[in-house]
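Numbering-wise, the sequence shown is residues 801 to 953 according to this note's numbering. We put the CB at the ideal spot given by N, CA and C, even for glycine.
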Amino acid sequence: MTAALSGHILNSHYLAQHTNPASIPQSSYQELSEATTLKIAALQAKLNQKLGPEYISQRPGPGGGPKLTYAEGWKIINLANEVFGFNGWSSSVVNLTVDFIDQNEESKRYTVGVTAIMKVTLRDGTFHEDIGYGMLENSKSKGAAIDKVCCLY
């Protein structure tokens with residue numbers, strides 16, 4: 801869920817920064833009420849803001865490898881609530897596929913990889929679908945590995 805949501809928010813930020821308002825037909829503005837125009841302007845101002853370092857987290861990589869940089873789910877959800885309003889958006893799992901389940905012969909532990917297609921929908925019906933991937937290594941049981949990696953979404 802968070803991958804798709806953060807993708808939608810980041811895409812919205814990109815579009816807001818790379819869309820020329822002059823390219824929008826003036827007739828579109830004439831059909832909107834003043835209140836709607838103000839709401840759109842306020843939303844656009846929020847989307848134009850760059851995400852600060854407080855949204856970025858790091859953790860050690862698998863097996864002591866390089867640090868992984870990511871956005872924590874709760875931070876992205878809070879940001880979406882701030883930008884789109886509570887109950888102004890929703891998310892759903894379109895597809896969840898277990899790509900592989902491997903067992904290490906020596907340790908008898910499991911590694912599981914899962915691909916998810918997520919959909920984030922705004923109140924007005926606008927939506928964004930994106931794909932995310934999760935992996936869990938070194939789990940004691942197959943069921944626990946699947947449960948934990950699927951809970952990422």
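Does residue i pass the burial test, meaning 16 or more other C-beta atoms within 10 Å, or should it be called exposed?
i, result
"A845", "exposed"
"L838", "exposed"
"G932", "buried"
"L936", "buried"
"S939", "buried"
"E854", "exposed"
"A835", "exposed"
"A944", "exposed"
"A880", "buried"
With which residues is residue i paired in a DSSP beta bridge?
i, result
"F900", "G913"
"Q858", "T869"
"S939", "Y910"
"D930", "M918"
"V893", "M918"
Do residue i and residue j have their C-beta atoms within less than 7 Å of each other?
i, j, result
"D899", "G913", "yes"
"Y910", "K942", "yes"
"E872", "S857", "yes"
"I877", "V894", "no"
Within a Cβ cutoff of 8 Å, which residues of the same chain sit near residue i, ignoring the five residues on either side of it in sequence?
i, result
"D861", "Just to set this straight, residue 861 is Gly in the shown sequence, not Asp. Cβ neighbours of G861 beyond the five flanking positions: K867 and L868."
"E882", "K846"
"I840", "L832"
Apart from the five residues on each side of it in sequence, which residues of its chain come closer than 7 Å, Cβ to Cβ, to residue i?
i, result
"C950", "L896 and V914"
"L922", "F884, G888 and W889"
Establish whether the CB of residue i and some CB of chain C are separated by less than 7 Å.
i, result
"L868", "Of the protein chains in this structure there is only one, and it is not chain C."
Got a sec? Which residues, its chain only, sit under 6 Å from residue i by beta carbon, not counting five neighbours each side?
i, result
"T819", "Confidence is the limiting factor: at T819 the pLDDT is only 45, short of 50, which leaves the residue's position unreliable, though a coordinate-based value still follows. Contacts found: none."
"D902", "T911"
CB of residue i to nearest heavy atom of the ligand ADP: below 6 Å?
i, result
"G852", "The ligand ADP is absent from the structure shown, which contains no ligand whatsoever."
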